[in-house]
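S.K.: Here's a structure for you.
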Amino acid sequence: MTSPRDVLPELMAGLFGRLRAELDDGTLEDLRMSHVRVMAGVPPEGINVTELAHLAGMSKQGCGQFVTQLVDTGHLRTGPHPDDGRVRLVFRTEEGDRFMNGVYGALGRIEDRFSAEVGERRFATFKKVMAELAGRSGSGPAPASAPPGRTTAPRRT
């Protein structure tokens with residue numbers, strides 16, 4: 022008999038694989054969910070890389086590499102902090118906003134589909150349990166850049 026400890030990673034991988042397959046319709050362009058996680062943490066007023074790394078749950082160096090890639094693709098830009106010229110802030114570009122709106126729209130459709138499959142109440146409970154296990158209270162605060170009414174933002178890949 023399979024141990025529950027063996028099943029959980031398989032279930033999570035299966036669900037993430039299904040989510041990824043749903044997003045492979047061109048929504049992600051040539052980016053990965055890790056790029057989405059970084060962009061989801063960028064508020065309109067900008068954020069420094071150290072704070073962004075903390076929000077994204079990654080190292081400052083790793084986050085900095087993603088920021089550099091996303092600047093190169095035109096999804097992010099950097100600029101000086103208005104109060105401290107030594108600090109660089111990260112901002113989303115119009116292209117970055119367009120991309121994230123597409124991602125949030127796709128994730129909303131996926132959530133609607135999953136909810137229809139298992140029932141709205143069961144899916145809401147599933148999200149609450151996932152948020153609790155991920156260390157977020159309730160459904161967790163929406164990222165600063167999430168559209169109103171949505172709490173969906175990929176947290177880890």
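So that you can map any letter, position 12 of the sequence shown is 33 in our numbering, and since no number is skipped, the others follow by simple counting. The beta carbon of each residue, even a glycine, is placed where N, CA and C say it ideally should be. No experiment lies behind these values; they were computed from the predicted model shown.
With respect to the beta strand (DSSP E) encompassing Gly106, which residues constitute its N-terminal and C-terminal limits?
M.R.: For the purposes of this step, residue 106 is taken as residue 85 along the sequence shown, with counting starting at 1. Neither: Gly106 is in no beta strand (DSSP E) and is coded neither H nor E.
S.K.: DSSP three-state call for Gly83: helix, strand or coil?
M.R.: Counting from 1 along the sequence shown, the entry for residue 83 is found at position 62. If DSSP states are grouped into helix, strand and coil, Gly83 belongs with the helices.
S.K.: Assuming contact is defined by CB atoms lying nearer than 9 angstroms, are Thr48 and Gly100 in contact in what I supplied?
M.R.: As a working mapping, residue 48 is identified with position 27 in the sequence shown. As a working mapping, residue 100 is identified with position 79 in the sequence shown. No, Cβ-Cβ distance for Thr48 and Gly100 is not below 9 angstroms.
S.K.: Straight-line CA distance for Ala152 to Thr114?
M.R.: As a position in the sequence shown, residue 152 is number 131, starting the count at 1. As a position in the sequence shown, residue 114 is number 93, starting the count at 1. Their backbone Cα atoms lie some 29 angstroms apart in a straight line.
S.K.: Kindly indicate the opening and closing residues of the alpha helix (DSSP H) around His75.
M.R.: Here residue 75 is taken as the residue at index 54 of the sequence shown, counted from 1. From DSSP, the alpha helix (DSSP H) with His75 extends over 70-77.
S.K.: If I follow the unbroken alpha helix (DSSP H) through Thr146, where does it start and stop?
M.R.: Translated into positions along the sequence shown, residue 146 becomes position 125. 141-154 is the span of the alpha helix (DSSP H), which, as asked, contains Thr146.
S.K.: Looking only at its chain, what residues have a beta carbon closer than 8 angstroms to the beta carbon of Val88, apart from the 5 residues adjacent to it on each side?
M.R.: Residue mapping note: residue 88 aligns to position 67 of the sequence shown, counting from 1. Excluding positions up to five away in sequence, the list reads Val59, Val70, Leu73, Leu97, Thr99, Val111.
S.K.: Taking the C-alpha atoms as reference points, what is the distance between Arg53 and Gln90?
M.R.: The residue labelled residue 53 in the question sits at position 32 within the sequence shown. The residue labelled residue 90 in the question sits at position 69 within the sequence shown. Cα to Cα, the separation comes out at about 11 angstroms.
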